[in-house]
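Chemist:
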Amino acid sequence: MSELLSAQDLSCYFRLAGAWGKGPVLKAVDGVSFALAPGETLGLVGESGCGKSTLGRLALALLPPTAGRIVFAGEDLARVSRQHLKELRRQIQIIFQDPYSSLNPRMTAGQILEEPFVIHNLGTRPERRAWVEELLTEVGLTSEVAGRYPHEFSGGQRQRLGIARALALKPRLIIADEPVSALDVSIQAQILNLLAELQQRHGLTYLFISHDLGVISQISSRVAVMYVGRLLEMASREVLAAARLHPYTEALLAAVPRPTPERTFNPPVLKGEPPSPVNVPPGCPFHPRCPEAQFPLCRESVPPWRETAPDHRVACHFR
Amino acid sequence: MRRTLRETLNLELIKENSLSHRADNLAVKTDAAPLLAVRDLTVNFDAARGQVRAVAGVSFDLAPGETLGLVGESGCGKTVTALAILRLLQSPPAEVSGAIRFLGEDLTVCPETRMRQIRGDRIAMVFQEPMTALNPVLTIGEQVAEALRLHRGLSHPEAWVEAAAALTRVGFPDAPHRLGQYPHQLSGGLRQRALMAMALACDPDLLIADEPTTALDVTIQAQILALLARLKAELGLAVLFITHNLGIVAQTADRVAVMYAGLMVEQAPTGELFRRPGHPYTVGLLNSVPRLDFSHPPGEILSAIAGHLPAAPPSGCLFRDRCPLAHGRCREEPPWVEVSPGHSVRCWNYV
Numbered sequence: 107m108s109e110l111l112s113a114q115d116l117s118c119y120f121r122l123a124g125a126w127g128k129g130p131v132l133k134a135v136d137g138v139s140f141a142l143a144p145g146e147t148l149g150l151v152g153e154s155g156c157g158k159s160t161l162g163r164l165a166l167a168l169l170p171p172t173a174g175r176i177v178f179a180g181e182d183l184a185r186v187s188r189q190h191l192k193e194l195r196r197q198i199q200i201i202f203q204d205p206y207s208s209l210n211p212r213m214t215a216g217q218i219l220e221e222p223f224v225i226h227n228l229g230t231r232p233e234r235r236a237w238v239e240e241l242l243t244e245v246g247l248t249s250e251v252a253g254r255y256p257h258e259f260s261g262g263q264r265q266r267l268g269i270a271r272a273l274a275l276k277p278r279l280i281i282a283d284e285p286v287s288a289l290d291v292s293i294q295a296q297i298l299n300l301l302a303e304l305q306q307r308h309g310l311t312y313l314f315i316s317h318d319l320g321v322i323s324q325i326s327s328r329v330a331v332m333y334v335g336r337l338l339e340m341a342s343r344e345v346l347a348a349a350r351l352h353p354y355t356e357a358l359l360a361a362v363p364r365p366t367p368e369r370t371f372n373p374p375v376l377k378g379e380p381p382s383p384v385n386v387p388p389g390c391p392f393h394p395r396c397p398e399a400q401f402p403l404c405r406e407s408v409p410p411w412r413e414t415a416p417d418h419r420v421a422c423h424f425r
Numbered sequence: 498m499r500r501t502l503r504e505t506l507n508l509e510l511i512k513e514n515s516l517s518h519r520a521d522n523l524a525v526k527t528d529a530a531p532l533l534a535v536r537d538l539t540v541n542f543d544a545a546r547g548q549v550r551a552v553a554g555v556s557f558d559l560a561p562g563e564t565l566g567l568v569g570e571s572g573c574g575k576t577v578t579a580l581a582i583l584r585l586l587q588s589p590p591a592e593v594s595g596a597i598r599f600l601g602e603d604l605t606v607c608p609e610t611r612m613r614q615i616r617g618d619r620i621a622m623v624f625q626e627p628m629t630a631l632n633p634v635l636t637i638g639e640q641v642a643e644a645l646r647l648h649r650g651l652s653h654p655e656a657w658v659e660a661a662a663a664l665t666r667v668g669f670p671d672a673p674h675r676l677g678q679y680p681h682q683l684s685g686g687l688r689q690r691a692l693m694a695m696a697l698a699c700d701p702d703l704l705i706a707d708e709p710t711t712a713l714d715v716t717i718q719a720q721i722l723a724l725l726a727r728l729k730a731e732l733g734l735a736v737l738f739i740t741h742n743l744g745i746v747a748q749t750a751d752r753v754a755v756m757y758a759g760l761m762v763e764q765a766p767t768g769e770l771f772r773r774p775g776h777p778y779t780v781g782l783l784n785s786v787p788r789l790d791f792s793h794p795p796g797e798i799l800s801a802i803a804g805h806l807p808a809a810p811p812s813g814c815l816f817r818d819r820c821p822l823a824h825g826r827c828r829e830e831p832p833w834v835e836v837s838p839g840h841s842v843r844c845w846n847y848v
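Taken in order, these protein sequences are the chains called L and F.
Quick note on numbering: the first sequence equals residues 107 to 425 in this note's numbering.
Quick note on numbering: the second sequence equals residues 498 to 848 in this note's numbering.
1. Tell me the residue span of the beta strand (DSSP E) that contains residue 315 of chain L.
2. Going along the segment 244 to 277 of chain L in order, which residues come within less than 9 Å of chain F, judged by CB to CB distance?
3. Residue 671 of chain F to residue 665 of chain F, Cα distance in whole Å?
4. Taking just the CA atoms, how far does residue 274 of chain L sit from residue 353 of chain L?
5. Locate the alpha helix (DSSP H) running through residue 622 of chain F, then write down its first and last residues.
6. Would you give the residue range spanned by the beta strand (DSSP E) that residue 541 of chain F belongs to?
7. What separation, rounded to the nearest whole angstrom, lies between the Cα atoms of residue 572 of chain F and residue 531 of chain F?
8. Could you check whether the Cβ of residue 798 of chain F sits closer than 8 Å to any Cβ belonging to chain L?
9. Leaving out five residues on either side along the sequence, give the residues of the same chain with a beta carbon under 7 Å from the beta carbon of residue 547 of chain F.
10. Counting only C-beta atoms, is residue 525 of chain F closer than 8 Å to chain L at any point?
11. Going straight from the alpha carbon of residue 847 of chain F to that of residue 590 of chain F, what length do you get?
12. Which residues does DSSP list as the beta-bridge partners of residue 840 of chain F?
13. What separation, rounded to the nearest whole angstrom, lies between the Cα atoms of residue 523 of chain F and residue 763 of chain F?
14. Given this structure, state the Cα-to-Cα distance separating residue 347 of chain L from residue 367 of chain L, to the nearest angstrom.
15. If we define contact as Cβ-Cβ less than 8 Å, is residue 570 of chain F a contact residue for chain L?
16. Kindly indicate which residue of L:219, L:210, L:115 has the alpha-carbon position closest to the one of residue 245 of chain L.
17. So, residue 272 of chain L versus residue 176 of chain L, is the Cβ gap smaller than 8 Å?
18. Spell out a yes or no on whether the segment 789 to 800 of chain F and the segment 824 to 836 of chain F are touching, meaning 3 or more CB-CB pairs, one atom from each, closer than 8 Å.
19. Whose Cβ in chain L lies nearer than 7 Å to the Cβ of residue 614 of chain F?
20. Mapping the DSSP letters down to three states, classify residue 306 of chain L as helix, strand or coil.
21. Determine whether the Cβ of residue 518 of chain F lies closer than 8 Å to any Cβ atom of chain L.
22. Per the contact definition of three or more C-beta pairs closer than 8 Å, is the segment 650 to 660 of chain F in contact with the segment 600 to 607 of chain F?
23. Is the beta carbon of residue 196 of chain L less than 8 Å from the beta carbon of residue 277 of chain L?
24. Tell me the DSSP secondary structure of residue 418 of chain L in three-state form.
25. Can you pull out the residues from the segment 295 to 306 of chain L whose beta carbon lies closer than 7 Å to at least one beta carbon of chain F?
26. Where residue 518 of chain F and residue 776 of chain F are concerned, what is the direct C-alpha to C-alpha distance, given to the nearest angstrom?
27. For residue 742 of chain F, count neighbouring C-beta atoms within 10 Å of its own C-beta (all shown protein chains included) and say buried if the count is 16 or more, exposed if not.
28. Can at least three beta-carbon pairs, one atom from the segment 241 to 261 of chain L and one from the segment 177 to 184 of chain L, be found at a separation below 8 Å?
29. Using only the alpha-carbon positions, how far apart do residue 553 of chain F and residue 108 of chain L sit?
30. Of all Cβ atoms in chain F, is any one closer than 8 Å to the Cβ of residue 324 of chain L?
31. To which residues of the same chain is residue 330 of chain L closer than 8 Å at the C-beta, ignoring the five residues directly before and after it?
32. Taking all protein chains shown into account, decide if residue 115 of chain L is buried (16 or more other Cβ within 10 angstroms of its Cβ) or exposed.
33. Count the other CB atoms within 10 Å of the CB of residue 635 of chain F; is the residue buried (16 or more) or exposed (fewer)?
34. How is the beta strand (DSSP E) around residue 642 of chain F delimited, first residue to last?
35. Let's test the definition: count the other Cβ atoms within 10 Å of the Cβ of residue 560 of chain F and tell me whether it reaches 16, buried, or not, exposed.
36. For residue 105 of chain L, count the other beta carbons within 10 Å of its own beta carbon; 16 or more makes it buried, fewer makes it exposed. Which is it?
See below:
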């Protein structure tokens, strides 16, 4: 597989401030490996604080990895020169969760969309203007809105602006960090449709981060499940629809209330809460909550990240 | 498999089977006397740009032990309806009209002293954001005990013991030893449990739950929903469950009321609403929810509702700008039509 983005044993730790000097180490991302092929959408799902967004930031080289490598188009993002990183960043863009705080309130929509071209010294003024108009129509807005400020747009329109800005430099990879979580369900559907259309039209690759399994299942060609900084499972849609999954993935899928009243909702309730990434349990990080972990092995050794079937990787001793 | 709008609506079929008439009584007729009866509730806010209508003539009944799901998107007036029932809206700027009868007593006219007796004792509320709903400078025990002292007249030590029992009842682990903890020492799920303990300490008849699980992770949400289901069965609690999540409504509510732009557009028993949604807005909402299902190809297009809620909704039917079935008649205000027993829709397509 000629991958566009890959991670090998990628880790990112933060040293917390303690009352007396150095505090404990927070393992936000801990030994994560995955690969992303051009044109696919990898859905990254997990509960809050599991390290999804940190992983997204590592992929944008906004954070340096503590250990391991993050490779984009064959180049290790931690080793390239600053100049070259700027070049590479044209090809990796991000869409943020909150369309309210990710747009500068003092800039008009036109200025916001023109800024990427200005930063990268592209085009003349009239050319840039034309490109901005193109971008606006591409995301379903009209060119008349270029003179408006962010507060004059609705939440859905603001997210369209955020998407247009990410598209401006014709990137190959887009990190979408909870792009629809702040939106109402009808607007969420519009934005998911837009993202799917844009992917078709431009052959984009998405790393799509969300806590919402419904949204993840709508858009992803593959899904990775994260838990306290580690990947517990990664599988294609086909595998997810049919195969026996990691106990955590199964619990997550069962915990989602579905809009079908005929189906009785009685999920096996997971006890307790996800552990703190400062104090990760030894062995399998999921073992304290796992309904199936009755074996000393689960408490003693970290399960290996192994391929159990084509397109299916699991970190569990018993899968 | 997705159905087209027309198929889903199945207009012809419903028209044939229904006793299409303009319902005089907006509420669903139930055998039991309603615990809560809301009639023509309207809330206007005085704003700098003139009046803003947040809730426009909402009516519904809630029977003892029943759960009504109040659904709609942000800004549709769900929370304002709940706050108006508890008379928690400051006036001015809020201007509330209509009738709210709780156990036969009209809450809109009763004196404030009486309202204070009802609030927290007979009607309790759980809020969305457990961190802002709890007082950060008081311990959990103190906050749960407060309601018991005020409404039950318990002494401090008695209330403290009862508070521990209330926390245990909502599955708070090691409650007697954690009464002295402050909200910031608890996780989101435990804070929500503490809030539930506060609300249920006095054994209320009605619980208003305003997006109680929206701030929580899905596995914690499942815990809280399971807890709510258990308490409902144990205590015979009626619940007004406000949420934007149609999955939660499907799994918790007996009946569902759908709101759009301050107006109730549809009301039906839960099974009926999901099987035969009537209002084009309800149909659009249901089709917008991504199904948790990996059997279809990725990125399949959802049949979304076009446009967004306008700041100034049109005259006549408020939804007509976005409605795929709108026609000339929709410029007039649509009637509330009962399409089958207990299932009413505000739409010209059913007249």
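All C-beta atoms, glycine included, are put in the ideal place defined by N, C-alpha and C.
Please read these numbers as outputs of a predicted model, since none were measured by experiment.
Modeler: According to the structure data:
1. 311 to 316
2. 260, 261, 262, 263
3. 8 Å
4. 41 Å
5. Run containing residue 622 of chain F: none in the alpha helix (DSSP H); it sits in the beta strand (DSSP E), 620 to 623.
6. 533 to 544
7. 27 Å
8. yes
9. none
10. Below a pLDDT of 50, predicted positions are generally treated as unreliable, and residue 525 of chain F, at 44, falls in that range; the measurement from the model is reported next regardless. Residue 525 of chain F does not count as touching chain L.
11. 37 Å
12. F:837
13. Summary for residue 523 of chain F: the model assigns pLDDT 39, below 50, so the residue's position carries little reliability; its value from the coordinates is reported in the next sentence. Residue 523 of chain F and residue 763 of chain F: Cα-Cα distance of roughly 11 Å.
14. 21 Å
15. yes
16. L:219
17. no
18. no
19. Result: empty, since nearest Cβ-Cβ is about 35 Å, beyond 7 Å.
20. helix
21. Confidence is the limiting factor: at residue 518 of chain F the pLDDT is only 35, short of 50, which leaves the residue's position unreliable, though a coordinate-based value still follows. No - not a single Cβ of chain L is within 8 Å of the one on residue 518 of chain F.
22. no
23. yes
24. strand
25. 295, 296, 298, 299, 302, 305
26. Any reading at residue 518 of chain F needs caution, since the residue's pLDDT is 35, under 50, leaving its predicted position unreliable; the model's value is listed next. Approximately 16 Å between the Cα atoms of the pair.
27. buried
28. no
29. 58 Å
30. yes
31. 140, 148, 149, 150, 151, 337, 339, 340
32. exposed
33. exposed
34. From DSSP, residue 642 of chain F is part of no beta strand (DSSP E) but of the alpha helix (DSSP H) over 637 to 649.
35. buried
36. Past the boundaries of the shown model lies residue 105 of chain L; chain L is included only from 107 to 425, so the question cannot be answered.
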